[in-house]
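Engineer: The following block contains the structure, expressed as structure tokens.
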Amino acid sequence: MENSSDDYRIQAFDLDTQMLLKTALKGLSVSALDELYDPSSVNLEKVSNIIMDQSLKDQVFSKEAGRICYTIVQAEAKQNNGNVFRRNLLNRLQQEFKDREETRGRSLQEWVCYVTFICNIFDYLKVNNMPMVALVHPVFDCLMRLAQPDALMNEEEVDCLVLQLHRIGEQLEKANGPRMDELFFLLRDGFLLQEGLSSMARLLLLEILEFRAGGWLLSSTAHKYYYSEIAD
């Protein structure tokens, strides 16, 4: 594929949206994340809605959208000390959070995309180099939902849960240790007591239990064991 991954993501939109994003994200690349062209010249509220909507239907995009959002937030703040984009993004996250059970019931893929996106935003958007307090409990609530017995029966949800804990588990534990303990009590009980789990779900749960027990690290031996099993 000749196009960069950023071009590919932009091309997933319709032509009008492509033009809007290319204007807002001009110069965005792995090596130039802070190069953004005049964010005041585009409708940042619309851009935030576009990114949110695309994240809910495209799992690949939802994993990368946090970096794009961080770039826009930084550029807007530098340009005019504004926060239109961040404010609208957080409002949309809150709105979707309230509807999360309805979303899960309607589309498991959309639900997993939402969890991936909110965790991605938690990872990238900071206040004074600290996670946004407003996101801590919603993120925990999403992960706790993924740890419920019905969700543990679904490998897609277990995989999402484990991926997010690998990404932001240590940050979340620093933000609220008791809630992380509560989450891992659920995961431990699910692994030990729940009947009907797939072998892959059990393997993923065991790996994340060991990952946290090791201080959010896996030994090289454990890493080789788990990931050779997953590959097989």
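Following the working numbering, the numbering of the sequence shown begins with 895 at its first residue and continues without gaps.
Think of the CB as a built atom: it goes at the ideal place given N, C-alpha and C, for glycine as much as any other residue.
1) Going by the beta-carbon positions, is the gap between residue 1084 and residue 1041 smaller than 8 Å?
2) The alpha helix (DSSP H) spanning residue 969 covers which residue range?
3) From the DSSP output, in three-state form, read off residue 1024 for me.
4) Tell me the rounded alpha-carbon separation between residue 1013 and residue 1050.
5) Kindly indicate which residue of 1054, 1096, 1038 and 1031 has the alpha-carbon position closest to the one of residue 1070.
6) Near residue 946, which residues of its chain fall below 6 Å by C-beta distance, leaving aside the five closest residues on each side in sequence?
7) Taking just the CA atoms, how far does residue 979 sit from residue 962?
8) Which stretch, first to last residue, makes up the alpha helix (DSSP H) that contains residue 1088?
9) Assuming residue 1016 contacts residue 1026 under a Cβ cut-off of 8 Å, what Cβ separation, rounded to an integer in Å, is found between them?
10) For the alpha helix (DSSP H) containing residue 1063, name the first residue and the last one.
11) Answer yes or no: do residue 1036 and residue 1073 have a C-beta to C-beta separation smaller than 8 Å?
12) In angstroms, rounded to a whole number, what distance separates the CA positions of residue 975 and residue 960?
13) Alpha carbon to alpha carbon, what distance is there between residue 1059 and residue 1018?
14) How many Å lie between residue 1098 and residue 1113 at the Cα?
15) Take residue 977 and list the residues in its own chain whose beta-carbon comes closer than 8 Å to its own, dropping the five residues that flank it on each side.
Structural biologist: On the basis of the data shown:
1) yes
2) 953-974
3) strand
4) 16 Å
5) 1031
6) 986
7) 11 Å
8) Where residue 1088 is concerned, there is no enclosing alpha helix (DSSP H), given that its DSSP letter is neither H nor E.
9) 7 Å
10) 1049-1069
11) no
12) 20 Å
13) 15 Å
14) 16 Å
15) 967, 970 and 971
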